[in-house]
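Visitor:
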Amino acid sequence: MTTPSANSRAASVRLLSRVLQKQQPLEEALDPVLRGFPPRDRALARAITSTALRHLGVIDALIDKMLDRPLPEKAQDVRHILRIGITQILYLNIPSHAAVHDTVALVPDRSKHKGLVNALLRRIDRQGEKLLSKIDIPRTNTPSWLWQSWTGHYGEEATRRIAEAHLTEAALDISVKSNPEKWAADLDAEVLPTGTLRRATITSLADLPGFDEGEWWVQDASAALPAALLGDVTGKLIVDLCAAPGGKTAQLAAAGAEVIALDRSKNRLKRLEENMARLRLPVTVKVGDAENFAPERQPDGILLDAPCSSTGTLRRHPDVAYLKSQADVDKLSQLQARLLDSAAQALKPGGLLVYSVCSLQPEEGEAQIAALLSRNPALKREPVQANEIGGVGDLLNPEGDLRSLPFHLGGMDGFYAARLRKISTPSA
1 MTTPSANSRA ASVRLLSRVL QKQQPLEEAL DPVLRGFPPR DRALARAITS TALRHLGVID
61 ALIDKMLDRP LPEKAQDVRH ILRIGITQIL YLNIPSHAAV HDTVALVPDR SKHKGLVNAL
121 LRRIDRQGEK LLSKIDIPRT NTPSWLWQSW TGHYGEEATR RIAEAHLTEA ALDISVKSNP
181 EKWAADLDAE VLPTGTLRRA TITSLADLPG FDEGEWWVQD ASAALPAALL GDVTGKLIVD
241 LCAAPGGKTA QLAAAGAEVI ALDRSKNRLK RLEENMARLR LPVTVKVGDA ENFAPERQPD
301 GILLDAPCSS TGTLRRHPDV AYLKSQADVD KLSQLQARLL DSAAQALKPG GLLVYSVCSL
361 QPEEGEAQIA ALLSRNPALK REPVQANEIG GVGDLLNPEG DLRSLPFHLG GMDGFYAARL
421 RKISTPSA
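What follows is the structure, given as structure tokens:
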């Protein structure tokens with residue numbers, strides 16, 4: 001008879017296959033694979049899979065070091081089984097005997113690899129820490145294309161700190177409508193200098209005080225900063241481009257702006273509308289392509305949180321490192337440039353444009369804005385001041401743009417944001 005824990009481990013193998021072989025984001029794979037699983041088994045499968053992805057470089061290095069010869073290409077499931085077994089032994093609080101026994105049970109009895117899996121997992125149980133001590137963990141855990149990009153832009157020391165931060169799962173960050181000190185006490189959270197609330201432990205959101213009343217929403221501390229760069233938005237028309245799922249939309253509406261939230265995905269906008277309904281915030285929602293959006297009247301401000309590679313979110317989405325490539329960054333950079341040109345055209349003279357991406361790639365951040373300013377003389381950078389972001393000057397680059405890194409403030413998403421003022425109407 002198959003035990004629930006074995007079901008969870010088998011599901012983890014299927015999830016790894018979907019992510020690493022079919023290139024499906026983990027969040028999209030969870031429901032199809034785990035449909036009908038009890039909450040506890042679902043949580044275990046998710047924890048095993050996300051942890052395996054978080055440490056995948058090191059886990060694969062251990063497997064390759066222990067093998068006398070590489071596994072054949074057709075034995076990918078065997079590698080996945082080894083990955084989840086090593087994950088449980090080294091990184092999760094699961095008794096080794098249970099991890100080994102239940103993981104080996106996933107290998108078919110007739111498979112010639114069953115003894116191999118058993119032997120390798122038992123060796124990891126005995127010698128895992130010693131083997132780990134011989135590995136450059138930050139470097140090994142980071143795909144080469146990311147390591148090369150980051151060392152070229154940030155330097156090796158900062159890149160190592162970024163890679164080390166990715167080994168820790170993100171805390172629960174919360175944005176509140178008002179009175180952060182009160183809600184920090186009610187939610188057992190701390191108030192960060194930037195105003196975000198942070199809980200060390202993650203639990204069912206609906207069970208927390210204020211959720212049903214719409215007093216707060218989940219939003220990474222760095223993701224809460226770009227909307228604040230628009231300043232006092234009371235009574236102003238602000239367009240939030242690529243708005244779903246709506247964290248920044250909620251910030252703007254809660255601050256008193258007249259908000260138009262635009263997104264091309266009806267399904268994602270449906271989620272945004274549900275979020276705004278819970279938060280009791282009035283927002284005008286429009287389905288449309290931000291590249292071609294022409295509002296009826298020119299807005300006072302535009303927030304363009306552009307589609308990007310999401311490499312700044314690896315603490316929460318470790319699969320991104322294996323789903324994206326430099327080719328994706330290059331393609332997205334072209335889209336971002338078109339979106340910026342369209343947003344600049346739509347903005348009224350004197351208005352503010354805030355551009356942001358949850359990416360660590362310079363092509364999507366610093367280089368993107370440098371290129372925009374060189375081709376559009378109607379825009380001028382308006383540097384961000386430290387007092388606008390809680391006095392945390394480390395979050396600003398030399399040009400006065402926001403550049404948060406995963407090791408800042410005890411852990412936050414990697415984000416880039418620039419604020420631009422439209423000083424004139426572009427000449428025909």
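Each residue of the sequence shown is one higher than the last, beginning at 1 in the working numbering.
For each residue, glycine too, the CB sits at the ideal point set by N, CA and C.
Computed from a prediction, not measured in an experiment: that's the story for all the values here.
Rounded to whole angstroms, what's the CA-CA distance from Leu-433 to Arg-315? Just pull it up for me.
Guide: Residue coverage of the chain in this structure runs from 1 to 428, which leaves residue 433 outside it and unanswerable.
Visitor: Any contact between the stretch 313-330 and the stretch 389-402? By contact I mean 3 or more CB pairs, one from each, below 8 Å.
Guide: The stretch 313-330, when compared against the stretch 389-402, does not touch it at the 8 Å Cβ threshold.
Visitor: Identify every residue that forms a DSSP beta bridge with Val-392.
Guide: To locate residue 392, count along the sequence shown from 1; it is residue 392. The partner list for Val-392 (beta bridge, DSSP) is empty, contrary to what the question assumes.
Visitor: Could you check if Leu-205 is buried or exposed, using at least 16 other CB atoms within 10 Å of its CB as the buried criterion?
Guide: Position 205 of the sequence shown, counting from 1, holds the residue named residue 205. It is exposed - the Cβ of Leu-205 has fewer than 16 other Cβ atoms within 10 Å.
Visitor: Which class does Leu-20 belong to by DSSP, given the choice of helix, strand or coil?
Guide: What you label residue 20 is simply residue 20 of the sequence shown in a count that begins at 1. Helix.
Visitor: Just the C-alpha distance for Trp-216 and Leu-62, rounded to the nearest angstrom, thanks.
Guide: Position 216 of the sequence shown holds residue 216. Position 62 of the sequence shown holds residue 62. Those two C-alpha atoms are separated by around 43 Å.
Visitor: Using C-beta distances below 8 Å, list every residue in its chain close to Val-58, excluding the 5 sequence neighbours before and after it, in chain order.
Guide: Residue mapping note: residue 58 aligns to position 58 of the sequence shown, counting from 1. Counting only Cβ-Cβ distances below 8 Å, and skipping sequence neighbours, we find Leu-132, Ile-135, Ile-137, Thr-140 and Asn-141.
Visitor: Is Ile-260 closer than 9 Å to Val-285 when the C-beta atoms are compared?
Guide: As a first step, residue 285 must be located in the sequence shown, where it is residue number 285. As a first step, residue 260 must be located in the sequence shown, where it is residue number 260. For Val-285 and Ile-260, yes; Cβs fall inside 9 Å.
Visitor: Mind the definition here: the stretch 238-249 touches the stretch 269-279 only if three or more C-beta pairs lie below 8 Å; say whether that holds.
Guide: Flag = yes, the stretch 238-249 and the stretch 269-279 touch.
Visitor: Based on DSSP bridge pairs, tell me the residues matched to Leu-420.
Guide: Residue numbering aside, residue 420 sits at position 420 when the sequence shown is read from its first letter. Leu-420 pairs with Leu-353 and Arg-381.
Visitor: Considering only their Cβ atoms, is the gap separating Ser-8 from Asp-41 smaller than 9 Å?
Guide: Numbered from its first residue, the sequence shown carries residue 41 at position 41. Numbered from its first residue, the sequence shown carries residue 8 at position 8. Yes. Within cutoff.
Visitor: Alpha carbons only, please: which of Gly-235, Leu-241 and Asn-267 is nearest the one belonging to Ala-255?
Guide: The sequence position of residue 255 within the sequence shown is 255, counting from 1. Residue Gly-235 is the option with its Cα nearest to Ala-255.
Visitor: Going by alpha carbons, who is nearest to Glu-388 out of Glu-164, His-113, Pro-226 and Asp-173?
Guide: As a working mapping, residue 388 is identified with position 388 in the sequence shown. Checking every option, the nearest Cα to that of Glu-388 belongs to Pro-226.
Visitor: Return the chain-ordered list of same chain residues with a C-beta closer than 7 Å to the C-beta of Ser-149, the five sequence neighbours on each side being excluded.
Guide: For the purposes of this step, residue 149 is identified with residue 149 of the sequence shown, where counting begins at 1. Taken in chain order, the residues that qualify are Gln-361.
Visitor: Counting C-beta neighbours from all protein chains within 10 Å, is the total for Glu-213 16 or more, i.e. buried, or is it exposed?
Guide: By one-based count along the sequence shown, residue 213 stands at place 213. The residue is exposed, with fewer than 16 neighbouring Cβ atoms inside 10 Å.
Visitor: What's the gap between the Cα of Ser-424 and the Cα of Asp-263?
Guide: As a first step, residue 424 is located in the sequence shown; it is residue number 424 there, counting from the start. As a first step, residue 263 is located in the sequence shown; it is residue number 263 there, counting from the start. Answer to the nearest angstrom: the Cα atoms are 27 Å apart.
Visitor: Enumerate in chain order the residues of its own chain whose CB-to-CB distance from Leu-351 is below 8 Å, with the five nearest sequence positions on each side excluded.
Guide: Mapped onto the sequence shown, residue 351 falls at position 351. Residue 351 is actually Gly in this sequence, not Leu. Closer than 8 Å at Cβ, skipping near neighbours: Gln-298, Pro-299, Asp-300, Gly-301, Ile-302, Arg-421 and Lys-422.
Visitor: Mind listing, in chain order, the continuous beta strand (DSSP E) runs of no fewer than 3 residues lying wholly within the stretch 144-190?
Guide: DSSP runs (the beta strand (DSSP E)) wholly in the stretch 144-190: 172-176.
Visitor: Closer than 8 Å by C-beta to Ala-344: which residues in its own chain qualify, once you throw out the five before and the five after it? Chain order, please.
Guide: Counted from its first residue, the sequence shown places residue 344 at position 344. Only Leu-353, Leu-372, Asn-376, Ala-378, Leu-379, Leu-420, Lys-422 and Pro-426 meet the Cβ criterion.
Visitor: Between Ser-356 and Ala-290, is the Cβ-Cβ spacing less than 9 Å?
Guide: Counting from 1 along the sequence shown, the entry for residue 356 is found at position 356. Counting from 1 along the sequence shown, the entry for residue 290 is found at position 290. No, these two residues do not count as a Cβ contact at 9 Å.
Visitor: Using C-beta distances below 8 Å, list every residue in its chain close to Thr-168, excluding the 5 sequence neighbours before and after it, in chain order.
Guide: Numbered from its first residue, the sequence shown carries residue 168 at position 168. For Thr-168, where only same-chain residues beyond five positions count, the Cβ hits under 8 Å are Arg-315 and Gly-411.
Visitor: Please classify Leu-281: does DSSP put it in a helix, a strand, or coil?
Guide: Mapped onto the sequence shown, residue 281 falls at position 281. In this structure, Leu-281 counts as coil in the three-state DSSP scheme.
Visitor: Leaving out five residues before and five after Val-329 in sequence, what residues of the same chain have Cβ atoms less than 7 Å from its Cβ?
Guide: If you number the sequence shown from 1, residue 329 lands on position 329. Hits under 7 Å: Ser-309, Gln-361, Glu-363 and Glu-364.
Visitor: Return the CA-CA distance between Glu-382 and Thr-194, expressed in angstroms with no decimal places.
Guide: Start at 1 with the first residue of the sequence shown, and residue 382 comes out as number 382. Start at 1 with the first residue of the sequence shown, and residue 194 comes out as number 194. Straight-line Cα distance between these residues: approximately 20 Å.
Visitor: Comparing C-alpha positions only, which one of Arg-14, Leu-237 and Pro-25 sits nearest to Leu-34?
Guide: Mapped onto the sequence shown, residue 34 falls at position 34. Of Arg-14, Leu-237 and Pro-25, the residue nearest in Cα terms is Arg-14.
Visitor: Taking the alpha helix (DSSP H) that Asp-289 belongs to, which residues open and close that run?
Guide: Taking the sequence shown and counting its residues from 1, one reaches residue 289 at position 289. Counting along the chain, Asp-289 falls outside any alpha helix (DSSP H), and DSSP gives it neither H nor E.
Visitor: Under the DSSP definition of a beta bridge, which residues are partnered with Asp-207?
Guide: To locate residue 207, count along the sequence shown from 1; it is residue 207. Partner(s): none; Asp-207 has no beta bridge.
Visitor: So, helix, strand or coil for Ala-428, using DSSP?
Guide: As a working mapping, residue 428 is identified with position 428 in the sequence shown. Reliability fails at Ala-428, whose pLDDT of 43 lies under 50, so the model's placement of it is uncertain and no value is given.
Visitor: Residue range of the alpha helix (DSSP H) that Asp-341 falls in?
Guide: Reading the sequence shown from its first residue, position 341 is the one you call residue 341. Note, Asp-341: alpha helix (DSSP H), 326-346.
Visitor: Do Pro-209 and Leu-187 have their beta-carbon atoms positioned less than 9 Å apart in this structure?
Guide: Counting from 1 along the sequence shown, the entry for residue 187 is found at position 187. Counting from 1 along the sequence shown, the entry for residue 209 is found at position 209. Yes, they are a contact pair.
Visitor: Compute the distance between the beta-carbons of Leu-335 and Leu-304, then report whether it is under 9 Å.
Guide: Sequence index remark: in the sequence shown, residue 335 carries index 335 (1-based). Sequence index remark: in the sequence shown, residue 304 carries index 304 (1-based). Going by C-beta atoms, Leu-335 is not nearer than 9 Å to Leu-304.
Visitor: Can you say whether Asp-173 is buried or exposed, counting buried as having 16 or more other CB atoms within 10 angstroms of its CB?
Guide: Residue numbering aside, residue 173 sits at position 173 when the sequence shown is read from its first letter. Buried is the call here.
Visitor: Since Asp-220 contacts Ala-170 with CB under 8 Å, what's their CB separation in whole angstroms?
Guide: Your numbering for residue 220 matches position 220 in the sequence shown. Your numbering for residue 170 matches position 170 in the sequence shown. That belief holds up - the Cβ atoms of Asp-220 and Ala-170 are roughly 7 Å apart, short of 8 Å.
Visitor: Can you list, in chain order, the stretches of the alpha helix (DSSP H) that have 4 or more residues and sit fully within the stretch 27-59?
Guide: Correct list: 39-54.
Visitor: Can you check whether the CB of Ile-84 is closer than 9 Å to the CB of Thr-49?
Guide: As a first step, residue 49 is located in the sequence shown; it is residue number 49 there, counting from the start. As a first step, residue 84 is located in the sequence shown; it is residue number 84 there, counting from the start. In contact: Thr-49 and Ile-84 (Cβ atoms closer than 9 Å).
Visitor: Below 8 Å on the Cβ atoms is my contact criterion, and I expect Thr-249 with Ala-224 to pass it. Report the Cβ-Cβ distance as a whole number of Å.
Guide: One-based indexing of the sequence shown puts residue 249 at position 249. One-based indexing of the sequence shown puts residue 224 at position 224. Not confirmed; about 12 Å, so no contact.
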